[in-house]
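Counted from 1, the sequence shown has number 710 at position 66 by the numbering used here; the numbering is strictly sequential.
Using N, Cα and C, we set each Cβ at its ideal position, and we do this for glycine too.
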Amino acid sequence: MVSLIRTVAQENKDAGITANVILPGTMDTPVNRKAMPNADISKWVQPANVASLITWLLSEAGKDINGAVIPV
645 MVSLIRTVAQ ENKDAGITAN VILPGTMDTP VNRKAMPNAD ISKWVQPANV
695 ASLITWLLSE AGKDINGAVI PV
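Here is the structure:
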């Protein structure tokens, strides 16, 4: 996936199209909490944080980010 997105980013940079990869860790969801009741959820990724990152990447502020691999 990372190689594909980097290729897409490179091939489309002159068209103003960006492509990035977000690599979240374990997401804090009801299903994950139920499946892993003894896990340390303090280290889990909040879905709202991923949504905020996506919103930022889509904004004017994130327009120059292209081909990035972003661990969350």
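Which residues mark the beginning and the end of the alpha helix (DSSP H) in which residue i is found?
i    : result
I698 : 691-702
P674 : 674-679
T651 : 646-656
If I follow the unbroken beta strand (DSSP E) through residue i, where does it start and stop?
i    : result
P666 : Correcting the residue type first, residue 666 is Ile in the shown sequence and not Pro. Taken as a continuous stretch (DSSP letters only), the beta strand (DSSP E) holding I666 covers 665-667.
Quick check on DSSP: helix, strand or coil for residue i?
i    : result
I709 : coil
I685 : helix
I714 : strand
Between the beta-carbon of residue i and the beta-carbon of residue j, is there less than 7 Å?
i    : j    : result
V694 : G669 : no
V713 : V646 : yes
I698 : N664 : no
R650 : G706 : no
Measure the beta-carbon distance from residue i to residue j and round it to whole angstroms, keeping in mind my assumption that it falls under 8 Å.
i    : j    : result
T673 : P691 : 7 Å
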